[in-house]
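Okay, structure first, notes after.
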Amino acid sequence: MKVQVTRQAPTEVAVDVLILPLTEGTPAPADVNEALGGLCAQVVGADFKGELGETTLLYTGGRLPARKVLLLGLGKAAKVTNRSLRRAAGIGARAARSSGARSIAFAQPRTVEMKAATAARFVTEGALHGLFRLPDWKSEKKERPEVEVVHILGGDEVAEGVEHGRTVAEGVNLARTLAWTPGNHMTATRLAERAAEMCRQNGIEVEVYDKKGCEELGLGLLLAVNQGSREEPRFIVMRYKGGGGKGPWLGLVGKGLTFDSGGISIKPTEGMWNMKMDMGGAAAVIGAMQAIARLKLKADVLAVIPSTDNMPDGGSYRPGDVVVGLSGKTVEIRSTDAEGRLILADGLAYAASQGCQKIITASTLTGAVNIALGPIRFGLVANDDAWEEEVYQAGEAAGERGWKLPHDEEYYDLIKSPIADMINGTKNRAAGTVAGGLFLMRHVGDTPCVHMDIAALAWKNSGDKYEDEGATGAGTRTFVEAARRFAEGGR
Ligand code: BES
Ligand code: MN
Ligand code: ZN
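Going letter by letter, the sequence shown gives residues 9 to 499 in my numbering.
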């Protein structure tokens, strides 16, 4: 699919569907209305109110070069945000596609208080997000209408925004694809191959450690989780040297758990199938690294992905075991289902050992974050308030919302062990998301570190007007925006 900036007026562009994004109470552009003999004015305010995501399709009957016009509601002007604009654009693009459009054009949103470039960025991102098709493994391929060209109407003032939106959407869509892919197709080995392929295409250095390599590095926690598996683990390290390669380095760490059965602490059958998305954090890291490289951000970024599945077997690690990983801290296993924090601890310790100045990590870490925040905001846990605020703001600016959870000293009591430095569970299931996050913080030393728990956001059980069901790519955008700010001297 092509996305291009087109310097034409809405009355000039020859496409299947011309999309006019309008806030509530805003009339359609006068030139379009006039060309259509006042048709827009009759519809706007009557049949079409302009509520967020509302669409009305008009046939132009040859009175415009565009075959159809789609009025697209943005909601109240005062309430338009980057997220709502992105969502509206996705809904508009999908509605146009359903009507059989192969080419579409977005006019500039009317009466939106946002810089033209920013608006164009989120319109582009939403359109590419909404139009994206996840792969399937059906034996019979269905012929479906596809949009081939998306025009964003405007000039130089929107070009950079369109490029940014397209690059971010491509990163998000890559993340969605990886996390959506079944566990038997997306093993640790395969995930590493996909990461390496992305790196080769985008000028990123990559190292992949196999099981022996993990042993040599001393990744005892990743290896403990891998014990029950027939699949080898992989430890993926990517280095993007946009700042020259001399540092300071930003570290991105993602949970690459390709399938989480729970291990010996096995999960119930219901819902276990979508634990193929338990590498959503890793997928976000890979998608973000692609975008960071394509945007040519002037930052040095180190990305680390520990990857394995978590399976029950005679050789599995057990509840009660005491294990030790790269940080040297010992862990008493209370549940083999709290495996994510184990593999991440090794990934984080590695990132810290490589001298990262600051670290951000993303993972589908706890079911508890869904209880606390639902599928709206991801949970943030950190060891440094200032860095946490920066990551929070990066999320807001990128159209992803987090929520800062507490990290008072007393919370560390929840992960105390009588026999080791810490347990990998939480006492009485209290503050599950905080406990999981603070477990991670105990493996980075003094490096400022922020953890995003995306467990409630990484997967949607049903599709809607904006996006298909399945993996969402959550976390990708926050990573990219945080890296952009890091490059701009948020160092
Ligand atoms: N991958 C899961 C968390 C999860 C749950 C992700 C639902 C997405 C949707 C994680 O490995 C896990 O099993 N966490 C346990 C931790 C507990 C044993 C301390 C949980 O949340 O129950
Ligand atoms: Mn688990
Ligand atoms: Zn898991």
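Idealized CB from N, CA, C, for every residue including glycine. Since we're looking at a predicted model, the values are computed, not measured.
query	result
Closer than 5 angstroms: residues whose CB approaches a heavy atom of ligand 5	Although ligand 5 was asked about, the structure shown includes only ligand 1, ligand 2 and ligand 3 as ligands.
Buried versus exposed, by CB contacts within 10 Å (16 or more), Asp-308	buried
CA-to-CA distance, Pro-73 to Asn-558, given in whole angstroms	This structure gives no information on residue 558, because the portion of the chain shown stretches from 9 to 499.
Any non-hydrogen atom of ligand 2 within 7 angstroms of Asn-282 CB	no
In DSSP terms, what Tyr-248 is bridged to	Val-309
Contact set for Lys-304: own chain, Cβ-Cβ below 6 angstroms, skip 5 residues either direction	none
Whole-number beta carbon distance between Leu-260 and Phe-487, since they are thought to touch under 8 angstroms	6 angstroms
Span of the beta strand (DSSP E), counted from its first residue to its last, around Tyr-217	213-217
Cβ-heavy atom distance, Leu-265 to ligand 3, below 7 angstroms	yes
Near ligand 2: Asn-318 beta-carbon under 7 angstroms from a heavy atom	yes
Counted within 10 angstroms of its Cβ, other Cβ atoms place Pro-153 as buried (16 or more) or exposed	exposed
Touching by the beta-carbon criterion (3+ pairs, under 8 angstroms), the region 211-230 and the region 283-296	no
Nearest residue (CA-CA) to Ala-36, options Gln-50, Ala-353, Gly-348	Gln-50
As assigned by DSSP and simplified to three states, the class of Thr-64	strand
Top-ranked residue by Cα proximity to Val-245, from Ser-237, Gly-221, Gly-251	Gly-221
Met-9, buried or exposed, once every other Cβ within 10 Å from all chains shown has been counted against 16	exposed
Phe-130 - containing alpha helix (DSSP H), residue span	124-139
Cα-Cα separation, Ser-425 to Gly-382	30 angstroms
Contact the region 274-292 vs the region 310-321: 3+ CB pairs below 8 angstroms	yes
Gly-270 beta carbon near ligand 2 (any heavy atom closer than 7 angstroms)	yes
Burial state of Asn-469, where buried means 16 or more other Cβ atoms lie within 10 Å	exposed
Leu-315 - partner residues in DSSP beta bridges	Position check: residue 315 holds Ser in this sequence, whereas Leu was assumed. DSSP lists Arg-242, Gly-264 as partners of Ser-315.
Backbone secondary structure at Arg-499 - three-state DSSP	Residue placement at Arg-499 is poorly supported in this model, since its pLDDT is 41, which falls under 50; the coordinates still yield a value, given next. Looking at Arg-499 - three-state DSSP - the assignment turns out to be coil, as it is neither helix nor strand.
Pair within 8 angstroms by beta-carbon distance, Ala-128 and Val-166	yes
Cutoff 6 angstroms; reference Arg-499; Cβ partners in own chain excluding five residues on either side	Only weak support is given to the placement of Arg-499: the predicted model assigns it a pLDDT of 41, under 50, and the value that follows is read from those uncertain coordinates. For Arg-499, where only same-chain residues beyond five positions count, the Cβ hits under 6 angstroms are Pro-256.
Leu-303, DSSP secondary structure in three states	coil
Which of helix, strand or coil DSSP assigns to Pro-18	coil
Strand pairing of Ile-427, partner residues [DSSP]	Answer is none; Ile-427 lacks a bridge partner.
Gln-298 classed as buried or exposed, judged by whether at least 16 other C-beta atoms fall within 10 angstroms	buried
Ala-406 - containing alpha helix (DSSP H), residue span	393-406
Identity of the residue in Asp-421, Thr-126, Glu-213, Ser-324 nearest Gly-252 by Cα	Glu-213
Nonlocal neighbours in the same chain, by C-beta distance under 8 angstroms from Ala-110, ignoring five residues either side	Note on identity: in this sequence residue 110 is Arg, with Ala being the wrong assignment. Around Arg-110: Asp-24, Pro-153, Glu-154, Val-155, Glu-156, Val-157.
Between the CA atoms of Gly-191 and Thr-441 - distance to the nearest angstrom	25 angstroms
Coil, strand or helix - Gln-12 by DSSP	strand
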